[in-house]
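Colleague: Structure in structure tokens, see below.
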């Protein structure tokens, strides 16, 4: 499987390097084709560095790891023609850090995941991984317990492919929340994530779902 | 300690009965003084049934267990003069079920907890318990693991009194998120709570915080 990872920041680096370590062909996409961080990824891992459009065209599966503020612009640069028919995994957080406490730029009656799906109706958007730190995303075993990650999307096959990627990362508790409108629920966890970060002083945390012992196992 | 529990629904009943079982004097407050559910609580437990204002006047600590849509109206009926100086524990959920999926009626840049604090500046509002079902609120031991509950409020003594009540209910992992503005983070968990309910088919769940083993224990 060929992957495109759009974004060169901490999240993009973590995902692209993990996918390379798992043996995949990976193109890191950046705004400029000579982006130094993308070049560093390519040089260190044998991956590829491209601009957004070339990377999206290269990938069978495209991961949006840009920041929420730049996600739509980056995806428009990637180009609808390079995203059509593909699984588009959206990890971006619509957090606006310009105010304190940070707020969501889209929320409640809409989400960034839905916005991306509307903007690129030919792609099959799956929202996931936005509820944990980059280190946890690609290495869930660093935390004890069967902690959870979520899937939201309208396309069952796209969610199955994304689930397979998450399982390769080590995820075992993957909860399918429903359609892409359930991306709201994932993104609305972010204010709690920020507050728990503040209370604990670490980003290295996540949530384990506990339930009554007489209940059925988690739906998968 | 004398408690007032405003609201006669599932949440109000669970809390009022638990506080009675713990040996406290408890007045259940309702819109009408002859409310049947409040009368039932009183008859069955030896508690008291009153209208909102009388109950609030009776309580040393007042718990708002009305629905989010009616919380402010109920508290205005209770009367600022009966709430001044008191700990006002706000459990209400600002969920609007008239649309699908349900949305929050106040969110992101504000919260119901903050709205209540602004409306009753003489009271000491603490937001808690809104992230779990009524059964779990008053009996956390029904779920395995050290699952969490949150505190938000501007008054340290009010949070300490609320923490003591939660500990009497059996809560062990109580995370102080910060000021009353952190009520946003608690209330914004509700869309995830609804989705997990849908995915699992049970309301009998909660979250256990997991973190790197080399991190400090939870701040309390």
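Protein chains in written order, with the working numbering: chain F, 1 to 220; chain G, 1001 to 1220. Glycine is no exception: its CB is placed at the ideal position from the N, C-alpha and C atoms.
Which bits of chain F does residue 1107 of chain G rub up against, with CB to CB less than 7 Å?
Modeller: For the purposes of this step, residue 1107 of chain G is taken as the residue at position 107 of the second chain. Those within 7 Å of residue 1107 of chain G in chain F are 107, 108.
Colleague: Taking C-beta pairs closer than 9 Å, name the residues in chain G that residue 145 of chain F reaches, listed in chain order.
Modeller: As a position in the first chain, residue 145 of chain F is number 145, starting the count at 1. Per Cβ cutoff of 9 Å: 1145, 1208, 1210.
Colleague: Strictly below 7 Å CB to CB, what residues from chain A border residue 182 of chain F?
Modeller: Reference to chain A is not applicable here, since the protein chains of this structure are F and G.
Colleague: Just to confirm, are residue 48 of chain F and residue 42 of chain F a CB contact at a threshold of 9 Å?
Modeller: Start at 1 with the first residue of the first chain, and residue 48 of chain F comes out as number 48. Start at 1 with the first residue of the first chain, and residue 42 of chain F comes out as number 42. Yes. Within cutoff.
Colleague: Quick one: complete beta strand (DSSP E) runs, 3+ long, within the region 1065 to 1143 of chain G?
Modeller: 1087 to 1090, 1124 to 1127
Colleague: At a Cβ threshold of 9 Å, is residue 199 of chain F touching chain G?
Modeller: Indexing the first chain from 1 puts residue 199 of chain F at position 199. By this cut-off, residue 199 of chain F is an interface position.
Colleague: Is the region 1194 to 1210 of chain G in contact with the region 120 to 131 of chain F, if contact means three or more CB pairs nearer than 8 Å?
Modeller: Touching, no.
Colleague: Can a CB atom of chain G be found closer than 9 Å to the CB of residue 161 of chain F?
Modeller: Taking the first chain and counting its residues from 1, one reaches residue 161 of chain F at position 161. Answer no: the Cβ-Cβ gap between residue 161 of chain F and chain G never drops below 9 Å.
Colleague: DSSP three-state call for residue 8 of chain F: helix, strand or coil?
Modeller: Position 8 of the first chain, counting from 1, holds the residue named residue 8 of chain F. DSSP places residue 8 of chain F in coil when its eight states are reduced to three.
Colleague: What residue from G:1138, G:1192, G:1187, G:1185 has the CA that sits closest to residue 1018 of chain G's CA?
Modeller: Residue 1018 of chain G sits at position 18 when you count from the first residue of the second chain. The candidate whose alpha carbon is nearest that of residue 1018 of chain G is G:1138.
Colleague: Does the beta carbon of residue 1175 of chain G come closer than 9 Å to any beta carbon on chain F?
Modeller: Looking up residue 1175 of chain G in the second chain gives position 175. Chain F contact via Cβ: present.
Colleague: Look at the Cβ atom of residue 1181 of chain G, then the Cβ atom of residue 94 of chain F, and state whether they are nearer than 9 Å.
Modeller: Along the second chain, one-based indexing puts residue 1181 of chain G at 181. Along the first chain, one-based indexing puts residue 94 of chain F at 94. Cβ atoms of residue 1181 of chain G and residue 94 of chain F: not closer than 9 Å.
Colleague: What's the gap between the Cα of residue 1011 of chain G and the Cα of residue 1003 of chain G?
Modeller: For this step, residue 1011 of chain G is matched to residue 11 along the second chain. For this step, residue 1003 of chain G is matched to residue 3 along the second chain. Straight-line Cα distance between these residues: approximately 15 Å.
Colleague: By Cβ distance below 6 Å, which residues in the same chain neighbour residue 1060 of chain G in space, the five residues on each side in sequence not counted?
Modeller: Locating residue 1060 of chain G in the second chain gives position 60, counting from the first residue. Within the same chain, residue 1060 of chain G has close Cβ partners 1001, 1002.
Colleague: Roughly how many angstroms separate the alpha carbons of residue 146 of chain F and residue 172 of chain F, rounded to a whole number?
Modeller: On the first chain, residue 146 of chain F is found 146 positions in, with the first residue counted as 1. On the first chain, residue 172 of chain F is found 172 positions in, with the first residue counted as 1. Residue 146 of chain F and residue 172 of chain F: Cα-Cα distance of roughly 7 Å.
Colleague: Are residue 1148 of chain G and residue 1204 of chain G close, meaning C-beta to C-beta below 9 Å?
Modeller: The residue you call residue 1148 of chain G lines up with position 148 of the second chain. The residue you call residue 1204 of chain G lines up with position 204 of the second chain. Cβ atoms of residue 1148 of chain G and residue 1204 of chain G: not closer than 9 Å.
Colleague: Do we get a CB-CB distance below 9 Å when we pair residue 172 of chain F with the residues of chain G?
Modeller: Walking along the first chain from the start, residue 172 of chain F turns up at place 172. Judged by the 9 Å Cβ criterion, residue 172 of chain F is not in contact with chain G.
Colleague: For the region 1065 to 1093 of chain G, enumerate the residues whose C-beta is nearer than 9 Å to any C-beta of chain F, in chain order.
Modeller: Within the region 1065 to 1093 of chain G, no residue has a Cβ lying closer than 9 Å to any Cβ of chain F.
Colleague: Which residue from G:1073, G:1070, G:1069, G:1078 puts its Cα closest to that of residue 1028 of chain G?
Modeller: Within the second chain, the letter at position 28 stands for residue 1028 of chain G. Comparing Cα positions, the closest option is G:1078.
Colleague: Give a yes or no on whether the minimum CB-CB distance between residue 104 of chain F and chain G is below 9 Å.
Modeller: Reading the first chain from its first residue, position 104 is the one you call residue 104 of chain F. Closer than 9 Å to some Cβ of chain G, the Cβ of residue 104 of chain F qualifies, so yes.
Colleague: Locate the beta strand (DSSP E) running through residue 1151 of chain G, then write down its first and last residues.
Modeller: The residue you call residue 1151 of chain G lines up with position 151 of the second chain. Where residue 1151 of chain G is concerned, the enclosing beta strand (DSSP E) stretches over 1148 to 1153.
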